[in-house]
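Trainee: Here the first sequence stands for residues 0 to 504, where the numbers follow numbering that gives the first Met the number 0. We treat Cβ as the ideally placed atom computed from N, Cα and C, and that holds for glycine.
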Amino acid sequence: MPADPVKELAAALGAAAGAELELERPGEPEHGDYATNVALRLAGARRQPPREIAAELAEAVTELEVVERAEPAGPGFVNVFLRDEWFASALAGILEDGDAYGGGGVAGQERVQVEMVSANPTGPILVSHARNGAYGDAVARLFELAGHAVEREYYYNDSGGQMDRFRASVEAVRRGEEPSEDGYHGAYVRDLAALKGDPVPLMLKEMEGTLERFRIHFDTWRRQSELEERLPELLPRLDTYEKDGALWARSSAYGDEEDRVLLRSGDRSPTYRAADVPYLVDKLERGFDRAIYVLGADHHGTRNWYAAVARMLGYDPERVEVLVYQPVHLTRGGEQTKMSKRRGDVVFLDEFMDEIGVDAARWYLANRGPDQAIDIDVDLAAERSQKNPVYYVQYAHARIAGILRNAGDAAVSAVPAGPLAAEERELVKRLAELPAVAADALVKRGPQGVPNYAIRVADDFHRFYHEHRVLESDQQAFRLALCRATRAVIARCLDLVGVDAPERM
RNA sequence: GCGCCCGUAGCUCAGUGGACAGAGCGGCGGACUUCUAAUCCGCGGGUCGGAGGUUCGAAUCCUCCCGGGCGCACCA
Numbered sequence: 000m001p002a003d004p005v006k007e008l009a010a011a012l013g014a015a016a017g018a019e020l021e022l023e024r025p026g027e028p029e030h031g032d033y034a035t036n037v038a039l040r041l042a043g044a045r046r047q048p049p050r051e052i053a054a055e056l057a058e059a060v061t062e063l064e065v066v067e068r069a070e071p072a073g074p075g076f077v078n079v080f081l082r083d084e085w086f087a088s089a090l091a092g093i094l095e096d097g098d099a100y101g102g103g104g105v106a107g108q109e110r111v112q113v114e115m116v117s118a119n120p121t122g123p124i125l126v127s128h129a130r131n132g133a134y135g136d137a138v139a140r141l142f143e144l145a146g147h148a149v150e151r152e153y154y155y156n157d158s159g160g161q162m163d164r165f166r167a168s169v170e171a172v173r174r175g176e177e178p179s180e181d182g183y184h185g186a187y188v189r190d191l192a193a194l195k196g197d198p199v200p201l202m203l204k205e206m207e208g209t210l211e212r213f214r215i216h217f218d219t220w221r222r223q224s225e226l227e228e229r230l231p232e233l234l235p236r237l238d239t240y241e242k243d244g245a246l247w248a249r250s251s252a253y254g255d256e257e258d259r260v261l262l263r264s265g266d267r268s269p270t271y272r273a274a275d276v277p278y279l280v281d282k283l284e285r286g287f288d289r290a291i292y293v294l295g296a297d298h299h300g301t302r303n304w305y306a307a308v309a310r311m312l313g314y315d316p317e318r319v320e321v322l323v324y325q326p327v328h329l330t331r332g333g334e335q336t337k338m339s340k341r342r343g344d345v346v347f348l349d350e351f352m353d354e355i356g357v358d359a360a361r362w363y364l365a366n367r368g369p370d371q372a373i374d375i376d377v378d379l380a381a382e383r384s385q386k387n388p389v390y391y392v393q394y395a396h397a398r399i400a401g402i403l404r405n406a407g408d409a410a411v412s413a414v415p416a417g418p419l420a421a422e423e424r425e426l427v428k429r430l431a432e433l434p435a436v437a438a439d440a441l442v443k444r445g446p447q448g449v450p451n452y453a454i455r456v457a458d459d460f461h462r463f464y465h466e467h468r469v470l471e472s473d474q475q476a477f478r479l480a481l482c483r484a485t486r487a488v489i490a491r492c493l494d495l496v497g498v499d500a501p502e503r504m
């Protein structure tokens with residue numbers, strides 16, 4: 000069972016107090032190391048003034064060895080002050096966990112598939128797709144840290160109207176003609192025309208290269224045309240009806256907003272929605288306990304469609320999950336850049352990474368909650384890159400790496416040689432938050448909590464560093480232990496959002 | 001019209017029931033013979049869009065209103 004020092008403390012305090020309680024970190028130092036509002040919660044049921052309950056709980060809790068003192072405060076909080084022994088054992092637990100720290104604690108392991116990006120291969124990966132990937136990949140990494148088995152999948156269309164226009168555009172250039180008005184016109188179309196063969200696999204290869212550079216690795220790639228072969232077998236299993244010469248799914252009866260067309264009137268060709276059906280079956284038949292779709296807000300209208308299909312086919316809709324995120328707006332010199340695939344002025348992810356770097360790109364796109372639209376001034380992001388929080392956090396990591404290099408094989412111990420300083424205690428408490436931060440980010444499907452926490456860790460470390468020497472201090476062994484744990488926590492946080500943890504800067 | 005998302009410091013945003021609301025950037029002023037100054041310390045900056053309601057307690061939950069974004073295809 001991986002360490003969670005705060006949870007363990009809460010359990011111990013709760014046992015002593017005879018009530019389940021949660022701990023929070025008060026904003027004011029006078030309010031103790033941790034505080035609980037449990038007395039306020041109990042007041043109603045016990046018909047007793049919260050201050051009175053708080054006083055009783057404080058007394059009970061003081062019996063614990065790690066508690067120096069506890070006191071009732073405010074409207075009915077219990078403020079808890081801890082002895083150095085607690086900080087030592089918390090630090091020891093963190094170090095023992097090593098790479099596993101921050102994760103675990105899940106009841107059962109799930110097989111999870113995160114399908115993301117899934118942009119059709121009609122052009123290079125754009126910054127808008129990158130947010131999809133940065134978000135989906137961060138969620139995937141949170142699942143992995145928690146102990147689940149995750150596969151990342153890319154689904155793409157290789158047939159249909161859009162792809163026909165794309166191929167025709169490349170063919171036109173190869174014949175020395177201009178692509179048609181509704182075709183594709185970017186410089187990349189000319190690059191593809193210079194190569195031989197079907198441009199679709201060539202385009203995909205390039206997209207995969209961009210995504211690898213963005214540090215997203217896909218385990219599997221799924222083609223729409225291949226999945227469509229199962230349509231004749233699967234469509235009869237759906238609840239459908241004929242209207243206006245088309246075949247409709249009665250999805251509104253299964254939780255969707257509306258019914259969807261599966262086969263067009265006229266040529267009876269399958270729609271994109273039809274292809275969703277064999278694809279969903281394919282996912283569930285492959286045994287994923289949870290199939291996650293990552294969709295941009297412009298597709299949020301279909302967020303209930305997937306679970307509706309699952310219901311229609313008799314699968315548990317709980318296995319299907321849709322994550323929606325808001326768009327990215329890039330500005331350059333204050334002017335908004337439109338991100339349409341067919342225009343020449345689109346922002347490619349590769350260009351974006353060229354300008355601000357992979358680390359800053361991943362950071363910026365994971366740093367905001369999925370419900371928040373992201374505004375990035377590219378000029379500012381590149382120009383002021385030295386002041387980006389991502390470098391602030393990386394710098395803390397590099398500083399620690401430097402200290403540990405200089406320390407060589409000096410002794411390391413979580414047991415302090417003397418009384419702990421305020422900065423040391425604050426840092427340990429901060430490190431102890433990681434399991435809760437990671438668990439919360441996973442539950443909310445909101446990875447932004449991780450980079451925000453990483454800034455706090457770096458903050459506490461830089462302050463500690465400024466006040467105290469590590470090497471050749473009378474607390475060297477303890478401080479080396481603190482450095483090791485801090486480095487591990489920062490590295491973990493950076494990794495969760497796909498950012499490198501540098502040894503030097 | 002209906003649905004989803006957003007509205008918090010000059011700017012970009014954290015913060016989904018707790019104590020006087022936070023960070024970065026920007027502004028002003030300080031700190032390097034010291035393990036990395038890409039750092040640290042201080043100052044200034046807010047009717048948390050508005051109005052009601054629930055609660056011992058609301059930026060956070062509920063209702064309504066205002067403002068902005070995105071959807072409401074036999075495109076994907």
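1) Around the C-beta of Leu12, are 16 or more other C-beta atoms found within 10 angstroms, so that it is buried, or is it exposed?
2) So Phe80 packs on Ala89, CB below 8 Å; how close in whole Å?
3) Assign Ile402 to one of three DSSP states: helix, strand, or coil.
4) Note down, in chain order, each residue of its chain lying with its Cβ closer than 8 Å to the Cβ of Leu322, except the 5 sequence neighbours on either side.
5) Counting only the same chain and skipping the five closest in sequence on each side, list residues whose C-beta sits under 8 Å from that of Arg173.
6) How many Å lie between Pro120 and Met162 at the Cα?
7) What are the uninterrupted segments assigned as alpha helix (DSSP H) that are 4 or more residues long and contained completely in the region 38 to 89, given in chain order?
8) Less than 7 Å between the CB of Val65 and some heavy atom of the ligand PLP, yes or no?
9) Can you give the Cα-Cα distance for Val37 and Glu58, rounded to whole angstroms?
10) Let's see if you can read the secondary structure: which residues bound the beta strand (DSSP E) around Ile375?
11) What first and last residue would you give for the alpha helix (DSSP H) that runs through Ile454?
12) Tell me the DSSP secondary structure of Gly295 in three-state form.
13) Would you identify the three-state DSSP class for Lys195, choosing helix, strand or coil?
14) Can at least three beta-carbon pairs, one atom from the region 356 to 374 and one from the region 480 to 500, be found at a separation below 8 Å?
15) Can you round the beta-carbon distance between Gly448 and Val436 to whole angstroms, since I take them to be within the 8 Å contact cut?
16) How is Pro410 classed by DSSP in three states: helix, strand or coil?
17) Looking at C-alpha atoms only, which residue of Val392, Phe213, Leu230 and Ala106 is the closest neighbour of Ser268?
18) Pick from Glu143, Ala145 and Val149: whose alpha carbon is nearest that of Val113?
19) Quick test of the definition: if touching needs 3 or more C-beta pairs under 8 Å, does the region 383 to 401 touch the region 39 to 47?
20) Would Ile489 and Ala440 qualify as a contact pair, given that the criterion is a beta-carbon distance under 8 Å?
21) Using DSSP's beta-bridge definition, name the partner residues of His328.
22) One question on the structure: do Val199 and Asp157 come within less than 8 Å of each other, judged by their Cβ atoms?
23) Based on the DSSP secondary-structure assignment, which residues constitute the bridge partners of Phe347?
24) Suppose you measure from the CA of Glu354 to the CA of His216; what does that come to, to the nearest Å?
25) For Lys340, does the three-state DSSP call read helix, strand or coil?
26) Taking just the CA atoms, how far does Glu7 sit from Glu51?
Mentor: If we stick to the structure as given:
1) buried
2) Between Ala89 and Phe80 the Cβ distance is about 15 Å, and since that is not below 8 Å, they are no contact.
3) helix
4) Tyr134, Gly135, Val138, Ile291, Tyr292, Val293, Leu294, Pro369 and Arg444
5) Ala192
6) 8 Å
7) 49 to 61
8) Judged by which ligands are present, the structure shown has none, so any question about the ligand PLP falls away.
9) 14 Å
10) Ile373 to Asp376
11) Gly448 to Glu466
12) strand
13) coil
14) yes
15) 6 Å
16) It is Ala, not Pro, that sits at residue 410 in the sequence shown. Correct three-state label for Ala410: coil.
17) Leu230
18) Val149
19) no
20) no
21) Asp374
22) yes
23) Leu125
24) 22 Å
25) Residue confidence is low: Lys340 scores 38 on pLDDT, short of 50, so the model does not pin down where it sits. Its coordinate-derived value is still stated next. Three-state DSSP puts Lys340 in coil, outside helix and strand.
26) 26 Å
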